[in-house]
Amino acid sequence: MGADKVVLIVDDDHAVLETMRMLLEGKGGFRVHCVVGSSGASGFLSRQEQVDVVIADVILAGETTGIDICELARRRHPEVGLVVISADPNTDPEEVPERSVYLRKPFGGKELIEAIERVQAFATLGLTEALPDS
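Going left to right, the sequence shown walks through residues 28 to 161 as the numbering used here numbers them.
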């Protein structure tokens with residue numbers, strides 16, 4: 028499905044990173060790069076020429092949020108697909124960037140793959156607004 032697609036996952040929970048990495052490499056065939064917290068995400072986004080999807084947890088250690096990482100990714104890679112994740116019940120899905128998908132933790136592998144497919148469709152179709160929920 029996504030063998031040539033590069034996915035960056037940003038979270039501060041090692042177990043979450045590893046679970047998503049195994050799922051996306053195994054079932055999705057993506058090239059996955061995991062970053063713990065926000066500190067390495069900016070450098071990765073600067074160095075990497077191709078980033079197709081960023082999956083970022085809203086709440087990260089430090090002052091930078093997953094929303095900040097997504098906005099940076101979009102500035103550097105305008106066609107990047109964004110999946111915003113959070114376990115915090117106070118996270119407002121309306122605050123996520125345009126053309127992104129919000130997933131509330133915990134979520135399953137099927138939901139994650141569907142979210143990636145959805146954000147990739149935004150880029151493929153050149154959409155400036157999200158598709159209505161199906």
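Glycine included, each C-beta is placed from N, C-alpha and C at the ideal position.
Distance check for residue 102 and residue 109, CA to CA, integer angstroms please.
Counted from its first residue, the sequence shown places residue 109 at position 82. Counted from its first residue, the sequence shown places residue 102 at position 75. Those two C-alpha atoms are separated by around 12 Å.
Residue 104, DSSP secondary structure in three states
As a first step, residue 104 is located in the sequence shown; it is residue number 77 there, counting from the start. Residue 104 falls in the coil class under three-state DSSP.
Look up residue 59 in the DSSP assignment and say whether it is helix, strand or coil.
For this step, residue 59 is matched to residue 32 along the sequence shown. In this structure, residue 59 counts as strand in the three-state DSSP scheme.
Once DSSP output is grouped into helix, strand and coil, what is the label at residue 88?
Reading the sequence shown from its first residue, position 61 is the one you call residue 88. Coil at residue 88, not helix or strand.
With a cut-off of 8 Å on the beta carbons, I'd call residue 96 and residue 65 a contact; round off their distance for me.
Numbered from its first residue, the sequence shown carries residue 96 at position 69. Numbered from its first residue, the sequence shown carries residue 65 at position 38. 6 Å between Cβ atoms; contact.
Considering only the alpha carbon of each residue, which of 126, 88, 144, 99 lies closest to residue 72?
Along the sequence shown, read from residue 1 onward, the residue named residue 72 stands at position 45. The option with the nearest alpha carbon to residue 72 is 99.
Quick one, are the C-beta atoms of residue 48 and residue 33 less than 7 Å apart?
For the purposes of this step, residue 48 is identified with residue 21 of the sequence shown, where counting begins at 1. For the purposes of this step, residue 33 is identified with residue 6 of the sequence shown, where counting begins at 1. Taking 7 Å as the Cβ cut-off, residue 48 and residue 33 do not qualify as a contacting pair.
To which residues of the same chain is residue 132 closer than 7 Å at the C-beta, ignoring the five residues directly before and after it?
Translated into the one-based positions of the sequence shown, residue 132 becomes position 105. So the qualifying residues of the chain are 112, 113, 114.
Distance CB(residue 140)-CB(residue 55) smaller than 7 Å:
Stepping through the sequence shown from its first residue, residue 140 is reached at position 113. Stepping through the sequence shown from its first residue, residue 55 is reached at position 28. Yes, they are a contact pair.
Would you please verify whether the beta carbon of residue 141 is less than 7 Å from any beta carbon of chain D?
This model lacks chain D altogether; it includes just one protein chain.
Just to confirm the assignment, what range does the alpha helix (DSSP H) spanning residue 126 have?
Here the question's residue 126 lines up with position 99 in the sequence shown. Looking at the DSSP string, residue 126 is not in any alpha helix (DSSP H), and its letter there is neither H nor E.
So is the beta-carbon of residue 124 under 6 Å away from any non-hydrogen atom of the ligand NAD?
This structure lacks the ligand NAD, and indeed carries no ligand of any kind.
Cutoff 7 Å; reference residue 127; Cβ partners in own chain excluding five residues on either side
As a first step, residue 127 is located in the sequence shown; it is residue number 100 there, counting from the start. Around residue 127: 97, 109, 110, 111, 146.
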